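> Chains as they are written, first to last, in this note's numbering: chain A, 179 to 420; chain E, 179 to 420; chain C, 179 to 420. Glycine residues also receive a C-beta, built at the ideal position from the N, C-alpha and C atoms. Quantities reported herein were computed from a predicted structural model and do not represent experimental measurements. This structure is in structure tokens; I'll ask about it shortly.
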Amino acid sequence: MLGNCLENVKKNVPLVYNITNYVTVNDVANALLACGASPIMSDDPEDVVEITSICKGLNINIGTLNKRSIEGMFLAGARANELGHVVLLDPVGAGASSLRTNTALELMEKVHFDVIRGNISEIKTLANGNGTTKGVDADAADAVTEENLDSMVCFVKTFAKQVGSVIAITGAIDLVSDGETCFVIRNGRPEMSKITGTGCQLSGIMTAYLTANPENKTEAAAAAVCLMGLAGEVGSGRSWCL
Amino acid sequence: MLGNCLENVKKNVPLVYNITNYVTVNDVANALLACGASPIMSDDPEDVVEITSICKGLNINIGTLNKRSIEGMFLAGARANELGHVVLLDPVGAGASSLRTNTALELMEKVHFDVIRGNISEIKTLANGNGTTKGVDADAADAVTEENLDSMVCFVKTFAKQVGSVIAITGAIDLVSDGETCFVIRNGRPEMSKITGTGCQLSGIMTAYLTANPENKTEAAAAAVCLMGLAGEVGSGRSWCL
Amino acid sequence: MLGNCLENVKKNVPLVYNITNYVTVNDVANALLACGASPIMSDDPEDVVEITSICKGLNINIGTLNKRSIEGMFLAGARANELGHVVLLDPVGAGASSLRTNTALELMEKVHFDVIRGNISEIKTLANGNGTTKGVDADAADAVTEENLDSMVCFVKTFAKQVGSVIAITGAIDLVSDGETCFVIRNGRPEMSKITGTGCQLSGIMTAYLTANPENKTEAAAAAVCLMGLAGEVGSGRSWCL
Numbered sequence: 179m180l181g182n183c184l185e186n187v188k189k190n191v192p193l194v195y196n197i198t199n200y201v202t203v204n205d206v207a208n209a210l211l212a213c214g215a216s217p218i219m220s221d222d223p224e225d226v227v228e229i230t231s232i233c234k235g236l237n238i239n240i241g242t243l244n245k246r247s248i249e250g251m252f253l254a255g256a257r258a259n260e261l262g263h264v265v266l267l268d269p270v271g272a273g274a275s276s277l278r279t280n281t282a283l284e285l286m287e288k289v290h291f292d293v294i295r296g297n298i299s300e301i302k303t304l305a306n307g308n309g310t311t312k313g314v315d316a317d318a319a320d321a322v323t324e325e326n327l328d329s330m331v332c333f334v335k336t337f338a339k340q341v342g343s344v345i346a347i348t349g350a351i352d353l354v355s356d357g358e359t360c361f362v363i364r365n366g367r368p369e370m371s372k373i374t375g376t377g378c379q380l381s382g383i384m385t386a387y388l389t390a391n392p393e394n395k396t397e398a399a400a401a402a403v404c405l406m407g408l409a410g411e412v413g414s415g416r417s418w419c420l
Numbered sequence: 179m180l181g182n183c184l185e186n187v188k189k190n191v192p193l194v195y196n197i198t199n200y201v202t203v204n205d206v207a208n209a210l211l212a213c214g215a216s217p218i219m220s221d222d223p224e225d226v227v228e229i230t231s232i233c234k235g236l237n238i239n240i241g242t243l244n245k246r247s248i249e250g251m252f253l254a255g256a257r258a259n260e261l262g263h264v265v266l267l268d269p270v271g272a273g274a275s276s277l278r279t280n281t282a283l284e285l286m287e288k289v290h291f292d293v294i295r296g297n298i299s300e301i302k303t304l305a306n307g308n309g310t311t312k313g314v315d316a317d318a319a320d321a322v323t324e325e326n327l328d329s330m331v332c333f334v335k336t337f338a339k340q341v342g343s344v345i346a347i348t349g350a351i352d353l354v355s356d357g358e359t360c361f362v363i364r365n366g367r368p369e370m371s372k373i374t375g376t377g378c379q380l381s382g383i384m385t386a387y388l389t390a391n392p393e394n395k396t397e398a399a400a401a402a403v404c405l406m407g408l409a410g411e412v413g414s415g416r417s418w419c420l
Numbered sequence: 179m180l181g182n183c184l185e186n187v188k189k190n191v192p193l194v195y196n197i198t199n200y201v202t203v204n205d206v207a208n209a210l211l212a213c214g215a216s217p218i219m220s221d222d223p224e225d226v227v228e229i230t231s232i233c234k235g236l237n238i239n240i241g242t243l244n245k246r247s248i249e250g251m252f253l254a255g256a257r258a259n260e261l262g263h264v265v266l267l268d269p270v271g272a273g274a275s276s277l278r279t280n281t282a283l284e285l286m287e288k289v290h291f292d293v294i295r296g297n298i299s300e301i302k303t304l305a306n307g308n309g310t311t312k313g314v315d316a317d318a319a320d321a322v323t324e325e326n327l328d329s330m331v332c333f334v335k336t337f338a339k340q341v342g343s344v345i346a347i348t349g350a351i352d353l354v355s356d357g358e359t360c361f362v363i364r365n366g367r368p369e370m371s372k373i374t375g376t377g378c379q380l381s382g383i384m385t386a387y388l389t390a391n392p393e394n395k396t397e398a399a400a401a402a403v404c405l406m407g408l409a410g411e412v413g414s415g416r417s418w419c420l
């Protein structure tokens, strides 16, 4: 399955449109190229509708919001929905400030997202309307662990069903659910939290996977999570070898 | 010639001012430092005129346009023209949206560019007033090949003469023409299209070359293209060696 | 001392809020993670007050100013002062344009900074109200050398006393003074000036050190300078070994 989803990205070379933060944007572009997709970035309200029209996938990341980019996100999301394009939300820092929490919640109201991908604190914030995200990192108290796994799986399935989106919670243990099934993924490396942007990169890659595998969105989202974890393992292994 | 042009960059350490996109900006700064130049970035209309005045080279890259940076580009371009400074245009994504196409065309109307450097689809868009740029990458149907080389050389010479700028089209085969002569450059590596920003980096480096070699702009532009291709070969070779 | 300051960063994992330029922002985030801190970036006036409230350290870097981010800097600085949080100013390019010089000077008027860190030309600009910063790099004529060391130590002590901030001047020889004592630090590598953002990274790291060592700000600032120099030596050594 993983191989198939990736093969479809490489075969289709989907154009993925990213309205994303300026912190990790270069790595998002390179991650998309590395998996076989083609990235484009833009955020001005005058540009977003047209760029959305030519891209089958839209990745909205709220990492460094401003008035202009927020307006762009709503316009792009609406256009992508009209055209039936794939749309993903990465609610970076939801729970850390009202602007982030409220923008994410309002986006969820106005735009249908195929997938919402975040850390556990961000996703809890979206489910509860408020949260305790520690800056842009998950609050350790929220972590998905072997001990609370059953209740967390229940939480993610319930939330996915409620909002009608695939929900992907990533961390040491990753959960991907569409409300019916739930993938529990245990790969990756703890070092991945010591570099910035692994979540943002995954959201970009996941959008490419969804765009190239529109018939199997839950599997595509899970496959992207697996790929990112494997990439972390390969990267970590490589640095040990040097 | 290549060596001479590079020597002049290293000797003069030109200050190169970049109004550029936030995706590849860090690599542009590092590429400029690596070739011996000194980069500065800024885009606010209140800052651009003064920064243009202290920098002998100006690199305008339309990768992530917004209203503020567009205004900055016109002000900086006008000031650079007044002062007789070198100005380069990188029309990233011209052909992919009206905002990009129209901004590039209007810049060409209001500002004299010493060099315009882009991929073949972007340059065709500027020549025809519209195009089929695939996001920020060239449309494969547009590619310069051994088969269509004669007609592409004719196209680039005609367009260079028409606009009065050196035109640099980069891709698998690179063309650099001032309307009279045309350099055809066949180096570099296909892997260069798998990382983001090689074009943006080249535009930065080319601006440094032009600034340090103002008497030989066509040769300087061609030398910068050769350097970037060689850098790709060295980088690629290195990764094979590891 | 160095070890202690770093241990406190690793133990406290301070959230460091950065209003910074889009050129080097990714490296600033990774530098903060690498030393054990947790970075967050944001610049919209609607977001900055709340983000300042949750972060014990604030790093204001004027590398790519715009009207929106300038407004954010003043709001965040005022809030951080109210809360007694650590605030650092990195006056990137002060002396290169009026917007940069005036913004830095006005920030110093309205916000109390625990530390101001810049190159010698930037700091001279702040002390004199004008300067000759070469773009974003120090003017060679300004350099701190063994020959002028006594007078430079006198300058930095006087300026530190006058503004009531720790002043950190970094370059081949680094000076850190609170007006009473002055650390003279001679480590690092000349290659560090050949990559962009080492100063910005240091400002981020220094904010983390100050936040985790609020009782010993002068020592913390000096320890951060030592760490950055050592990092340059390790990085340089590594590249020689490969």
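1. Identify whether TYR387(A) lies in helix, strand or coil by the three-state DSSP scheme.
2. CA-CA distance, GLY296(C) and ALA399(C)?
3. Any idea what DSSP makes of GLY377(C), helix, strand or coil?
4. Could you give the distance in angstroms between the alpha-carbon of VAL322(C) and the alpha-carbon of ASN365(C)?
5. Starting from ILE232(A), find everything on chain E with Cβ-Cβ shorter than 9 Å and list it in chain order.
6. With a threshold of 8 Å, are at least 3 pairs of Cβ atoms found where one atom belongs to the region 382-400 of chain A and the other to the region 189-198 of chain A?
7. Would you tell me roughly how many angstroms separate the C-alpha atoms of ILE240(C) and SER231(C), rounded to the nearest one?
8. If distances are taken between C-alpha atoms only, which option among VAL314(C), SER216(C), VAL289(C), ASP320(C) comes closest to ILE373(C)?
9. Can you pull out the residues from the region 366-392 of chain A whose beta carbon lies closer than 9 Å to at least one beta carbon of chain C?
10. Tell me, please, whether the CB atom of LEU243(E) is closer than 8 Å to any CB atom in chain A?
11. Under 8 Å Cβ-Cβ, which residues of chain A neighbour THR202(E)?
12. Can you give me the C-alpha to C-alpha distance between LEU266(E) and GLU369(C), rounded to a whole angstrom?
13. For CYS360(A), which beta-bridge partners are listed by DSSP?
14. Indicate the three-state DSSP secondary structure (helix, strand or coil) for LEU243(E) in the structure shown.
15. May I ask you to list the residues that DSSP assigns as paired with GLY296(C)?
16. Could you tell me the alpha carbon to alpha carbon distance between THR310(E) and LEU184(C), rounded to whole angstroms?
17. Contact criterion: CB-CB distance below 8 Å. Does SER417(C) meet it with respect to chain A?
18. Checking the sheet assignment: what are the DSSP bridge partners for PRO217(E)?
19. When the Cα atoms are used, what is the spatial distance from LYS189(C) to ALA318(A)?
20. On the three-state DSSP scale, how would you describe VAL289(C)?
21. So with CB distances below 8 Å, who are the chain A contacts of LEU193(C)?
22. Just verifying my parser: in three-state terms, what is the DSSP assignment at GLN222(C)?
23. At 9 Å on the CB atoms, spell out the chain E contacts of SER216(A), in chain order.
24. Quick one: is GLY271(C) near chain E, going by C-beta distance under 8 Å?
25. Assign SER247(A) to one of two classes, buried (16 or more other C-beta atoms within 10 Å of its C-beta) or exposed (fewer than that).
26. Report all residues from its chain with a CB closer than 6 Å to the CB of VAL264(C); omit the five preceding and five following residues, and keep chain order.
27. Whole-angstrom Cβ separation of ASN208(E) and THR242(E), contact assumed at under 8 Å?
28. If you drop the 5 nearest sequence neighbours on each side, which residues of the same chain put their C-beta closer than 7 Å to that of ASP221(A)?
29. Is the CB-CB distance between ASN237(E) and ASP268(E) below 8 Å?
30. Output the distance between the C-alpha atoms of LEU210(E) and PRO217(E), rounded to the nearest integer angstrom.
31. In angstroms with no decimal places, state the Cα-to-Cα distance between ALA123(E) and GLY255(E).
32. Quick check: the Cα distance between GLY349(A) and PHE252(A), rounded to an integer number of angstroms?
33. Measure how close the beta-carbons of ILE363(A) and ASP352(A) come, nearest whole angstrom, since I'm counting them as under 8 Å.
34. Measuring CB to CB, does SER299(E) end up less than 8 Å from ASP225(A)?
35. The beta strand (DSSP E) that contains VAL265(C), what's its start and end?
36. How far does the alpha helix (DSSP H) with THR330(E) in it reach, from first residue to last?
In short, the structure shows the following:
1. Taking the first sequence and counting its residues from 1, one reaches residue 387(A) at position 209. Helix, per DSSP.
2. On the third sequence, position 118 is the one that residue 296(C) refers to. On the third sequence, position 221 is the one that residue 399(C) refers to. So the two alpha carbons sit approximately 12 Å from each other.
3. In the third sequence, residue 377(C) corresponds to position 199, counting from 1. Helix at GLY377(C).
4. The residue given as residue 322(C) occupies position 144 in the third sequence. The residue given as residue 365(C) occupies position 187 in the third sequence. Rounded to the nearest angstrom, the two C-alpha atoms are 14 Å apart.
5. In the first sequence, residue 232(A) corresponds to position 54, counting from 1. Correct list: ALA274, SER275, LYS312, GLY313.
6. yes
7. In the third sequence, counting from the first residue as 1, residue 240(C) sits at position 62. In the third sequence, counting from the first residue as 1, residue 231(C) sits at position 53. Between ILE240(C) and SER231(C), the C-alpha separation is close to 21 Å.
8. One-based indexing of the third sequence puts residue 373(C) at position 195. Checking every option, the nearest Cα to that of ILE373(C) belongs to VAL314(C).
9. Hits within the stretch, in order: SER371, LYS372, ILE373, THR374, GLY375.
10. In the second sequence, the residue the question calls residue 243(E) occupies position 65. True, the Cβ-Cβ gap to chain A drops below 8 Å.
11. As a working mapping, residue 202(E) is identified with position 24 in the second sequence. Here the neighbours are ASN204, ALA207.
12. The residue you call residue 266(E) lines up with position 88 of the second sequence. The residue you call residue 369(C) lines up with position 191 of the third sequence. Between LEU266(E) and GLU369(C), the C-alpha separation is close to 29 Å.
13. Along the first sequence, one-based indexing puts residue 360(A) at 182. The partner list for CYS360(A) (beta bridge, DSSP) reads SER355(A).
14. Numbered from its first residue, the second sequence carries residue 243(E) at position 65. DSSP places LEU243(E) in coil when its eight states are reduced to three.
15. If you number the third sequence from 1, residue 296(C) lands on position 118. ILE347(C), per the DSSP bridge assignment.
16. Here residue 310(E) is taken as the residue at index 132 of the second sequence, counted from 1. Here residue 184(C) is taken as the residue at index 6 of the third sequence, counted from 1. THR310(E) and LEU184(C) have their alpha carbons spaced roughly 53 Å apart.
17. In the third sequence, residue 417(C) corresponds to position 239, counting from 1. With a pLDDT of only 46 at SER417(C), under the threshold of 50, the placement of this residue in the model should not be trusted, and no figure is reported.
18. Against the second sequence, residue 217(E) aligns to sequence position 39. VAL194(E), per the DSSP bridge assignment.
19. One-based indexing of the third sequence puts residue 189(C) at position 11. One-based indexing of the first sequence puts residue 318(A) at position 140. Taking the straight line joining both Cα atoms gives about 15 Å.
20. The count along the third sequence starts at 1 and reaches residue 289(C) at position 111. Taken through DSSP and simplified to helix, strand or coil, VAL289(C) comes out as coil.
21. Translated into the one-based positions of the third sequence, residue 193(C) becomes position 15. Neighbours of LEU193(C) on chain A, chain order: LYS312, GLY313.
22. As a working note, residue 222(C) is residue 44 in the third sequence. The sequence given here places Asp at residue 222(C); Gln does not occur at that position. In the structure shown, ASP222(C) sits in coil (DSSP, three-state: anything other than H, G, I, E or B).
23. For the purposes of this step, residue 216(A) is identified with residue 38 of the first sequence, where counting begins at 1. Going along chain E in sequence order, the residues near SER216(A) (Cβ under 9 Å) are LYS312, GLY313, VAL314, ASP315.
24. As a working note, residue 271(C) is residue 93 in the third sequence. True, the Cβ-Cβ gap to chain E drops below 8 Å.
25. As a first step, residue 247(A) is located in the first sequence; it is residue number 69 there, counting from the start. It counts as buried.
26. In the third sequence, counting from the first residue as 1, residue 264(C) sits at position 86. Cβ within range, chain order: GLY235, ASP292, LEU388, THR389.
27. Taking the first residue of the second sequence as 1, we reach residue 208(E) at position 30. Taking the first residue of the second sequence as 1, we reach residue 242(E) at position 64. About 19 Å separates the beta carbon of ASN208(E) from that of THR242(E), a gap too long to meet the 8 Å contact definition.
28. As a first step, residue 221(A) is located in the first sequence; it is residue number 43 there, counting from the start. Here the set comprises ILE197, ARG246, SER247, GLY250.
29. Taking the first residue of the second sequence as 1, we reach residue 237(E) at position 59. Taking the first residue of the second sequence as 1, we reach residue 268(E) at position 90. Yes, the Cβ-Cβ distance between ASN237(E) and ASP268(E) is below 8 Å.
30. Counting from one through the second sequence, the residue named residue 210(E) turns up at place 32. Counting from one through the second sequence, the residue named residue 217(E) turns up at place 39. Distance between the alpha carbons of LEU210(E) and PRO217(E): 6 Å.
31. The shown model of chain E, from 179 to 420, leaves out residue 123(E), and the question about it has no answer.
32. Translated into the one-based positions of the first sequence, residue 349(A) becomes position 171. Translated into the one-based positions of the first sequence, residue 252(A) becomes position 74. Roughly 28 Å separates the two Cα atoms.
33. Start at 1 with the first residue of the first sequence, and residue 363(A) comes out as number 185. Start at 1 with the first residue of the first sequence, and residue 352(A) comes out as number 174. Contact flag correct, Cβ pair sits at about 4 Å.
34. Looking up residue 299(E) in the second sequence gives position 121. Looking up residue 225(A) in the first sequence gives position 47. Not a contact, by the Cβ cut-off of 8 Å.
35. As a working note, residue 265(C) is residue 87 in the third sequence. Start and end: 264-268.
36. As a working mapping, residue 330(E) is identified with position 152 in the second sequence. For the record, residue 330(E) in the displayed sequence is Met; it is not Thr. Taken as a continuous stretch (DSSP letters only), the alpha helix (DSSP H) holding MET330(E) covers 327-341.
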